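One structure is given here, and the rest of the page talks about it.
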Amino acid sequence: MSFGFGGWPAPAARDTAGDEPFQDLISSLKGLYSSREYSDLVISCGRKEYHVHRAIVCTQSDFFSTACRAGLKETQEGKVDLPDDDPRLVHIMVHYLYHFDYDIQLQYKRSHSDGLGTDGDGTDVSEPIVDILVTHAKVYALAEKYMIRGLKAVALRQFKAAATVSLDINDFLQATWEVYTSTIDNDRGLRDVVVETLFKNSQWLDKEEVRDVVKGLGALTYDLIIYLRQHGRF
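Residue 218 in the numbering used here sits at position 223 of the sequence shown, and the numbers go up by one each step.
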């Protein structure tokens, strides 16, 4: 189960039928996403500035909560810059904080300039994303970095779903490399999905490009051996 604002289950993990108060809360948050009203913090990345609300951001992100409580210069000035992150991923992160979900295809059909974000110089966050599986893996890593448990759970759910339908092997290999280079060994979420997918598509191991990735990622080789052993393959 994924969790959103104040520890409430995110909509995708909760039956909201007839739950009018909860729906009202979601509608209110979506309204704040499209407005600067009551904003008391700016998150900037690339060409975008997001006029957000500490009560929403800090209750979901331990990173931002700690930064604001510590009274860092940036938070005292009301602006936090994230220069080292991909603007498109930050865009997804901010969207999640107000919607408890994200849709990559929908995100990049339109610009966010009429909402919390304002234009500046840098990467256009409305640029289409082709490698869906890779993007989910990167969102997962970003959620870990900024300690947003709900976003991490949603990214894992979407990664699983994307790994089971119309899977492009090149996208999968890029995602596999991303997963094993951006997560620690005991973070099993995405890694288990990668191993299970390879197990279910064992014919891929006949392809040289797949073997190259497996050889290049020692942790993946180990995980595959353990998985095969646990499933009685040897």
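Just so you know, even glycine gets a beta-carbon here, dropped at the ideal spot from N, CA and C. All values reported here derive from a predicted model rather than from experimental measurement.
Buried versus exposed call for residue i [16 or more other C-beta atoms within 10 Å across all chains shown]
| i | result |
| --- | --- |
| His131 | buried |
| Gln225 | exposed |
| Arg206 | exposed |
| Gly211 | exposed |
| Gln55 | buried |
| Tyr33 | exposed |
| Lys195 | exposed |
| Glu139 | buried |
| Ile38 | buried |
| Ile179 | exposed |
| Ala170 | buried |
| Ala148 | buried |
Rounded straight-line distance, which links the Cα of residue j to that of residue i
| i | j | result |
| --- | --- | --- |
| Leu162 | Ile221 | 24 Å |
| Cys40 | Leu77 | 5 Å |
| Ile164 | Lys25 | 36 Å |
| Glu173 | Asp201 | 22 Å |
| Arg105 | Arg64 | Residue placement at Arg105 is poorly supported in this model, since its pLDDT is 46, which falls under 50; the coordinates still yield a value, given next. Approximately 35 Å between the Cα atoms of the pair. |
| Tyr217 | Thr176 | 15 Å |
| Phe58 | Met142 | 6 Å |
| Leu146 | Trp199 | 31 Å |
Reference residue i; option with closest CA among the options
| i | options | result |
| --- | --- | --- |
| Gln153 | Tyr135, Ile143, Leu168 and Asp81 | Tyr135 |
| Asp182 | Arg144, Ile87 and Tyr45 | Arg144 |
| Val209 | Gln198, Leu168, Arg228 and Thr178 | Leu168 |
| Leu219 | Gly227, Ser30, Leu193 and Trp199 | Leu193 |
Exercise. If you scan the region 17 to 71 from start to end, which runs of the beta strand (DSSP E) of 3 or more residues do you find wholly inside it?
Worked result: 36 to 40 and 43 to 47
Exercise. Below 8 Å, can you find three or more Cβ-Cβ pairs linking the region 150 to 168 to the region 61 to 76?
Worked result: no
For this session: Let me know the alpha helix (DSSP H) ranges lying completely inside the region 124 to 163, each 4 residues or longer, listed in chain order.
Result: Listed in chain order, the alpha helix (DSSP H) elements of length 4 or more contained wholly in the region 124 to 163 are 127 to 140 and 144 to 157.
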